[in-house]
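Enquirer:
4 protein chains.
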Amino acid sequence: MIKAGIIGATGYAGQELIRLLYHHKSVEMVYLSSHSYEGQNLSDVYPNFTGIFDTKLVNMNADQMADDCDVIFFALPHGLAANQISEKLLNKVKIIDLGADFRLKDKEVYESWYKVKHPTPQFIEEAVYGLCELNREEIKKARIVANPGCYTTCSITSIAPLAGSNLIDLESIIIDAKSGVSGAGRSLSPGTHYPEANDSFKAYGVGSHRHTPEIEQELSIIAGKDIVLSFTPHLVPMNRGILTTAYASLTTDVNSEKLVNLYKNYYKNDKFIRIYSDGSLPETRFVRNSNYIDIGIKTDPRTNRVIIVGTIDNLIKGAAGQAVQNMNIMFDQREDEGINALPTVL
Amino acid sequence: MIKAGIIGATGYAGQELIRLLYHHKSVEMVYLSSHSYEGQNLSDVYPNFTGIFDTKLVNMNADQMADDCDVIFFALPHGLAANQISEKLLNKVKIIDLGADFRLKDKEVYESWYKVKHPTPQFIEEAVYGLCELNREEIKKARIVANPGCYTTCSITSIAPLAGSNLIDLESIIIDAKSGVSGAGRSLSPGTHYPEANDSFKAYGVGSHRHTPEIEQELSIIAGKDIVLSFTPHLVPMNRGILTTAYASLTTDVNSEKLVNLYKNYYKNDKFIRIYSDGSLPETRFVRNSNYIDIGIKTDPRTNRVIIVGTIDNLIKGAAGQAVQNMNIMFDQREDEGINALPTVL
Amino acid sequence: MIKAGIIGATGYAGQELIRLLYHHKSVEMVYLSSHSYEGQNLSDVYPNFTGIFDTKLVNMNADQMADDCDVIFFALPHGLAANQISEKLLNKVKIIDLGADFRLKDKEVYESWYKVKHPTPQFIEEAVYGLCELNREEIKKARIVANPGCYTTCSITSIAPLAGSNLIDLESIIIDAKSGVSGAGRSLSPGTHYPEANDSFKAYGVGSHRHTPEIEQELSIIAGKDIVLSFTPHLVPMNRGILTTAYASLTTDVNSEKLVNLYKNYYKNDKFIRIYSDGSLPETRFVRNSNYIDIGIKTDPRTNRVIIVGTIDNLIKGAAGQAVQNMNIMFDQREDEGINALPTVL
Amino acid sequence: MIKAGIIGATGYAGQELIRLLYHHKSVEMVYLSSHSYEGQNLSDVYPNFTGIFDTKLVNMNADQMADDCDVIFFALPHGLAANQISEKLLNKVKIIDLGADFRLKDKEVYESWYKVKHPTPQFIEEAVYGLCELNREEIKKARIVANPGCYTTCSITSIAPLAGSNLIDLESIIIDAKSGVSGAGRSLSPGTHYPEANDSFKAYGVGSHRHTPEIEQELSIIAGKDIVLSFTPHLVPMNRGILTTAYASLTTDVNSEKLVNLYKNYYKNDKFIRIYSDGSLPETRFVRNSNYIDIGIKTDPRTNRVIIVGTIDNLIKGAAGQAVQNMNIMFDQREDEGINALPTVL
């Protein structure tokens, strides 16, 4: 059994992780740590766990857990995981960080977008960016995996097959992204107060959302040159789901079918990525409550652009599910163990 | 492996059943029958199944399936299952009917509420009412199980512990029920057109909903005398979930705590029924996507009434999940096999 | 022109009141007071007012406004209006209190349900309960009008015609009420955080909601004897609207049609109350954004009960609209001036 | 009084038009025509009108109405208005067509995108494209006004100030548009069935939506050269509202503030267009139930693009409200008469 600790257990990503790990055949959760709810039962915060899995919440840091754990998941706001990392810790346990601290390879970029000083920059280089389908081999050997952001997972996988292809103008990429409200987390705010989010739609963080440099970093690696792109997030009145609509100018004459085949081939070994064909397009409900990424591709001969529509469940492939997938890869489990649930279309 | 056929595979209950059976360790789905989508793939109708479980839909009746199946699930509108039942069929396969044809033990009552003639009344008596927690022993031996309605499952289990208790006035029972829109099924109608259901709330079928006699029948059996009650359904702008608020006048001085204990004891062997204590109350999201029934009980000394709040996921414990639970009981499987998923609170 | 001041301008009831008064032909809003947003413009808090009506918010109490106002609206949490009332104030301005401080005629009942000491009980008696359709004549002469609660407006008008009729057993009344989330106001809370309210349904305040004594008080006055009833509120995932389903046992043989006529006659002079006939029932969207109360009545011969379904827009007839209606009555305006907008069905 | 007839009165645009005209001081609705509901009362279809405005629906064409009307509104699917237009008709009444038949100036373009033959192409030229803020003077004299589409109104006004400015690369325009479900109209379809639209998000009509040529046509006129652009609509789980996120590459160094000023100046005489400043952005709820267009503009120095976020209420400024505004202009009324309601933020 893999012994797991979770720090930040009562955030939305944390509780989703608990739910997934509960169904995982080879995992035992030994510590659930919550700063805010120490001493309470998990079911006091999330009554859905009542009578099924109802551990008492502790308030522990990674060092305190390390001797009893094989893996520690951090599900904390940025800045709170990095300062717990040390060589001593990494000699004892594997780390999967669902936060942003180790995603950006350039410390200056991190500090500029996140407006904080990185406390442990010495570990940035070795941390592996945990987008499983792209970095599977490095993840296997990693001590620290930086689990990608929700928007970024959907955006990067939507564009990756084209980024290194010479088929698109790399300066023309625009990603118009839409997320359900759970993506904003459990913290209360006027913008996520039900009457002000329901039956309405808005853009936010235009030109300034922190997932932008993360998307650019990974696509630049694939392209082999620096990519700068536009990324605009929007808030959708729904709980779960991200849909990204990506645009790029084609540099050559190519039709939808050819690109569909290119995508299918690119992801041919990736169970969790499904490429739509025959002009059909994904909807967020087709991946709801699952670890799948669904992608549809259309070329528009009128404008000579390609439009790629990608969807994920932001809490699963966009957070907890991908964390479990990373754990499976790191601990030599079946990659889909614990995360192979069919999407619930209703 | 249990070989299963599903007739009515593309309705909402049918597709949910497929999803659950796909994850069941001991079931092989051999036929998915759909009158409307014959010849298409399941994923043409429900793209969430794409690349995972994507059988071709056939158009077969029960007789045509019987030789290859151990169990046949009917997920059809009332009247369409009963006329497929015969002694010959029952000698070959077990039947689990998610529709209404065999729920009511009195043929006259059925014909009066459903406005159709029952085609095969000779099988009504032997059919077992498949509310698993109440009729487990009979279900084990049944050839036909009549899977309960969604409202009824929630209503009956909410009141059952009191129905035979002498603690309430049996003439005083009122059930005010609320359901998500998936309960209305996949057929299009103005009342379930998004702009006319969203951000609005209504009652319907006041005094005339067909689940009324079903609730009365089962509670009357428990009480040992005829119960007539008020049942009012309402439509909630959400996809899944039923919540019933039941009222009854107390005949004696009893407090919430005592009733909570009575309920806990009554359901002590029933994993899927959770009784809330300390004044907390269930919400539909605490059972979402799960087979659980959550029940909260409060007495009101001012009015000398007890108020019982029950919740289920209408598509799971209210339909497909209970059907799987019935199958598990009939085929000597673990009762929770394939339906033990934790609720998704988001 | 009637000069109006609003205290608590940036709560949900306050902003709705501003919106209605802006369109009122004979009102000039001279002060908008907000404790939290003093010095900001109204449009900083509610951008919908941008460029149309964009007064600067002040932080003033009633005494400071009195010399410049004909009427002051309080839209504050309970306890915060009552301590501003004085004989001196009432000699200068009329008061319409959208809060609870002067609704309950029995000081003990107020203090018991609201858990605070009433600071100015000497004004309780003269305050008029501002349910316009019931107390129109007293409102005309009132110095203080206690604007009713949202649930209570819908509940009382649904039952009033029967309360004094001898047709129902007054001990049998049960009101099962459902409200949109704006009823919980603008204060942030986990239960109104979008992901925890959306696509879910719950009961709350079972047996303990503060609107209970208010409903009982008014119905008791009509009945001429003390009524004790059950009231259970629920939260619906929608913004606006209240629907109440009321149950009572009939003491005599009477059909729906006869009761519909009784209701139509009872409210024959009340433009804003619409009685449904021919078995049709109201939905919250049929009164959305309007001051109407829609009521449907059905008798159930099986149980010998009557079921009354009432609906209002909680922010209009349940708060700001009724406040304007009260002002119109007090200042001898057309009763529907400023509040005669047609409901928006979409 | 302006005497008005409405053909297609029971569609979503039609009923909204009735609601607006009911509150218009100078309009009398003399005929409400509905093919589907002839002989019924308006309130049988839309109970919100009960007891307020409850005309009997007729089934009449424009010729039958012409002698009694000053203006006829068509609110019909494309193809059904054009064949009712004749010189004889236009000599009697003004026509405002909410459908698509006279929006596109090039008959071939119309026939190519709409797949029908235009029955009365001789009137295309004289028809005025009724985007009030752009074509006010022509509208004053028009006999036929082609009321713009919902997406197009929002898209064109978002980009118009830049289209003729030399500040953007006209080949770089991308419009990513999102609409509430009422935009799909009252016809039932699986994609607008509540359980399949709720809590989900999707793109549709990628590269092929019929509003594309309409947007291109109007922006090309402003630019003085042919514009070809990308337009991608999406469906948002909400009733009302459109938000468009438009992208264009800047050809020069310009900041947000300068563009905000350019927009404010461009629309300085247009009450219904509000330009946001100081980095704030519109949300659909800020224009809900109103005729306003709200626009926010941001430049992104990293990518050298401008992002323009526009919002309207699709049923009002996107359909019925603009139709009333056109009527006001044609009949020399105050331009905002009947459509000056404040947005409802909740």
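Protein chains in written order, with the working numbering: chain A, 4 to 349; chain B, 4 to 349; chain C, 4 to 349; chain D, 4 to 349.
Even for Gly, the Cβ is constructed at its ideal location relative to N, Cα and C.
1) Starting from the C-beta of Lys205/D, find all residues in its chain whose C-beta is less than 7 Å away, skip the five residues before and the five after it, and write them out in chain order.
2) At a CB distance below 9 Å, what residues from the region 194-225 of chain B approach chain A? Give them in sequence order.
3) Determine the direct distance from the alpha carbon of Lys301/A to that of Thr1/A, and round the result to whole angstroms.
4) DSSP on Gly167/B, reduced to helix/strand/coil?
5) In whole angstroms, what is the alpha-carbon distance linking Asp229/A and Asn242/D?
6) Give a yes or no on whether the C-beta atoms belonging to Leu79/B and Val327/B are separated by under 9 Å.
7) Identify the continuous beta strand (DSSP E) that holds Tyr113/A and give its terminal residues.
8) Taking all protein chains shown into account, do 16 or more other C-beta atoms lie within 10 angstroms of the C-beta of Pro193/A, making it buried, or fewer, making it exposed?
9) Could you list which residues in chain A have their beta carbon closer than 9 Å to that of Val327/C, in chain order?
10) Expressed to the nearest angstrom, what Euclidean distance is found between the alpha-carbon atoms of Ser89/B and Asp100/B?
11) In the DSSP output, what is Leu3/B paired with across the bridge?
12) On the three-state DSSP scale, how would you describe Asp172/A?
13) Looking at chain C, is there any beta carbon in it that lies within less than 9 Å of the beta carbon of Asn242/B?
14) Can Ser158/B and Thr13/B be called in contact, C-beta distance under 9 Å?
15) To which residues does DSSP link Asn44/D through a beta bridge?
16) Put Thr306/C into one of helix, strand or coil per three-state DSSP.
17) When you compare the CB of Asn292/A with every CB in chain B, is at least one pair closer than 9 Å?
18) Closer than 9 Å by beta-carbon distance: list the chain A residues that pair up with Phe105/B, in chain order.
19) Return helix, strand or coil for Leu349/B, following the three-state DSSP convention.
20) Please report whether the beta-carbon of Pro1/A lies at a distance below 9 Å from any beta-carbon of chain B.
21) In terms of residue numbering, what span does the beta strand (DSSP E) encompassing Tyr250/B cover?
22) Can you check whether the C-beta of Asp70/B is within less than 9 Å of a C-beta belonging to chain C?
23) Just to check my reading of the structure: Ile178/C and Ser233/C have Cβ atoms closer than 8 Å, yes? What is that Cβ distance to the nearest angstrom?
24) Near Tyr207/B, what residues of its chain come up, given a Cβ to Cβ distance below 8 Å and the 5 sequence neighbours on each side ignored?
25) Enumerate in chain order the residues of its own chain whose CB-to-CB distance from Val231/A is below 8 Å, with the five nearest sequence positions on each side excluded.
26) With a threshold of 8 Å on Cβ separation, who are the neighbours of Gly227/D within its own chain once the five nearest residues in sequence on each side are excluded?
27) Which residues in chain C sit within 8 Å of Ser185/A, going by Cβ to Cβ distance?
28) Against chain B, with Cβ distances strictly below 9 Å, would Tyr15/D count as a contact?
29) Less than 7 Å between C-beta atoms, sequence neighbours within five positions excluded: which residues of the same chain meet that for Leu2/C?
30) What is the residue span of the alpha helix (DSSP H) that Ser190/D lies within?
31) Find the nearest neighbour of Gln125/B within the set Asp109/B, Arg291/B, Arg337/B, Glu136/B, judged by alpha-carbon distance.
32) Alpha carbon to alpha carbon, how far is Ser293/C from Gly324/D?
33) Please classify Val74/A: is it buried, with 16 or more other beta-carbons within 10 angstroms of its beta-carbon, or exposed?
34) With DSSP as the reference, label Arg291/B as helix, strand or coil.
35) Consult DSSP for Tyr154/C and reduce its assignment to one of helix, strand or coil.
36) Using a beta-carbon distance below 9 Å, is Gly299/B in contact with chain C?
Expert: Based on what the coordinates show:
1) Taking the first residue of the fourth sequence as position 1, residue 205/D is located at position 202. Shown here for Lys205/D: same chain residues with a beta carbon closer than 7 Å to its own, the five before and five after excluded, namely His237, Leu238 in chain order.
2) Using a CB distance below 9 Å, the part of the region 194-225 of chain B facing chain A consists of Asn201, Asp202, ordered along the chain.
3) Only positions 4 to 349 of chain A appear in the structure, and residue 1/A is not among them; the question remains open.
4) The count along the second sequence starts at 1 and reaches residue 167/B at position 164. Shown here, Gly167/B sits in coil according to DSSP, grouped into three states, outside any helix or strand.
5) Within the first sequence, numbered from 1, the residue matching residue 229/A stands at position 226. Within the fourth sequence, numbered from 1, the residue matching residue 242/D stands at position 239. Cα to Cα, Asp229/A sits roughly 42 Å from Asn242/D.
6) Here residue 79/B is taken as the residue at index 76 of the second sequence, counted from 1. Here residue 327/B is taken as the residue at index 324 of the second sequence, counted from 1. Cβ distance not < 9 Å, so Leu79/B and Val327/B don't count as in contact.
7) As a working note, residue 113/A is residue 110 in the first sequence. If you look at Tyr113/A, you'll find it isn't in any beta strand (DSSP E); it sits in the alpha helix (DSSP H) that goes 110-117.
8) On the first sequence, residue 193/A is found 190 positions in, with the first residue counted as 1. Exposed is the call here.
9) Indexing the third sequence from 1 puts residue 327/C at position 324. Ordered by position in chain A, no residue passes the 9 Å Cβ test against Val327/C, which lies about 21 Å from the chain.
10) Walking along the second sequence from the start, residue 89/B turns up at place 86. Walking along the second sequence from the start, residue 100/B turns up at place 97. Near 14 Å, if we compare the C-alpha coordinates of Asp100/B and Ser89/B.
11) Summary: the structure shown does not reach residue 3/B, with chain B confined to residues 4 through 349, and so no result is reported for it.
12) If you number the first sequence from 1, residue 172/A lands on position 169. Residue state, collapsed to three classes: coil.
13) Taking the second sequence and counting its residues from 1, the one referred to as residue 242/B is at position 239. True, the Cβ-Cβ gap to chain C drops below 9 Å.
14) Here residue 158/B refers to the residue found at position 155 when the second sequence is read from its first residue. Here residue 13/B refers to the residue found at position 10 when the second sequence is read from its first residue. Not in contact: Ser158/B and Thr13/B (Cβ atoms no closer than 9 Å).
15) Position 41 of the fourth sequence, counting from 1, holds the residue named residue 44/D. Its beta-bridge partners are Lys59/D.
16) Indexing the third sequence from 1 puts residue 306/C at position 303. Looking at Thr306/C - three-state DSSP - the assignment turns out to be coil, as it is neither helix nor strand.
17) Translated into the one-based positions of the first sequence, residue 292/A becomes position 289. With 9 Å as the cut-off, Asn292/A counts as an interface residue toward chain B.
18) Locating residue 105/B in the second sequence gives position 102, where the first residue counts as 1. Near Phe105/B there are no residues of chain A at all, since even the closest Cβ is about 26 Å away, more than 9 Å.
19) Working through the second sequence from its first residue, we reach residue 349/B at position 346. Of the three classes helix, strand and coil, the one that applies to Leu349/B here is coil, per DSSP.
20) Given that chain A is displayed from residue 4 to residue 349, the structure contains no residue 1/A and the question cannot be resolved.
21) Locating residue 250/B in the second sequence gives position 247, where the first residue counts as 1. If you look at Tyr250/B, you'll find it in the beta strand (DSSP E) that goes 245-252.
22) In the second sequence, counting from the first residue as 1, residue 70/B sits at position 67. Asp70/B does not count as touching chain C.
23) Start at 1 with the first residue of the third sequence, and residue 178/C comes out as number 175. Start at 1 with the first residue of the third sequence, and residue 233/C comes out as number 230. Correct: roughly 7 Å between the Cβ atoms.
24) Numbered from its first residue, the second sequence carries residue 207/B at position 204. Take Tyr207/B, set aside five residues on each side of it, and the residues of its chain with a beta-carbon closer than 8 Å to its own are Gly194, Pro236, His237, Leu238, in chain order.
25) Numbered from its first residue, the first sequence carries residue 231/A at position 228. Scanning its chain for C-beta atoms nearer than 8 Å, with the 5 sequence neighbours on each side dropped, one finds around Val231/A the residues Glu174, Glu219, in chain order.
26) Residue 227/D sits at position 224 when you count from the first residue of the fourth sequence. The answer, listed in chain order, is Gly167.
27) Working through the first sequence from its first residue, we reach residue 185/A at position 182. In chain order: Pro198.
28) Indexing the fourth sequence from 1 puts residue 15/D at position 12. Contacts with chain B at 9 Å (Cβ-Cβ) include Tyr15/D.
29) An answer regarding residue 2/C cannot be provided, because it is not within the stretch 4 to 349 covered by chain C.
30) Numbered from its first residue, the fourth sequence carries residue 190/D at position 187. Run containing Ser190/D: none; DSSP gives neither H nor E here.
31) For the purposes of this step, residue 125/B is identified with residue 122 of the second sequence, where counting begins at 1. Measuring C-alpha to C-alpha distances from Gln125/B to each of Asp109/B, Arg291/B, Arg337/B, Glu136/B identifies Asp109/B as the nearest.
32) For this step, residue 293/C is matched to residue 290 along the third sequence. For this step, residue 324/D is matched to residue 321 along the fourth sequence. Rounded to the nearest angstrom, the two C-alpha atoms are 19 Å apart.
33) Numbered from 1 along the first sequence, position 71 holds the residue referred to as residue 74/A. Buried is the call here.
34) Position 288 of the second sequence, counting from 1, holds the residue named residue 291/B. Here Arg291/B sits in coil by DSSP.
35) Here the question's residue 154/C lines up with position 151 in the third sequence. In this structure, Tyr154/C counts as helix in the three-state DSSP scheme.
36) Within the second sequence, the letter at position 296 stands for residue 299/B. Output row for Gly299/B: interface = yes.
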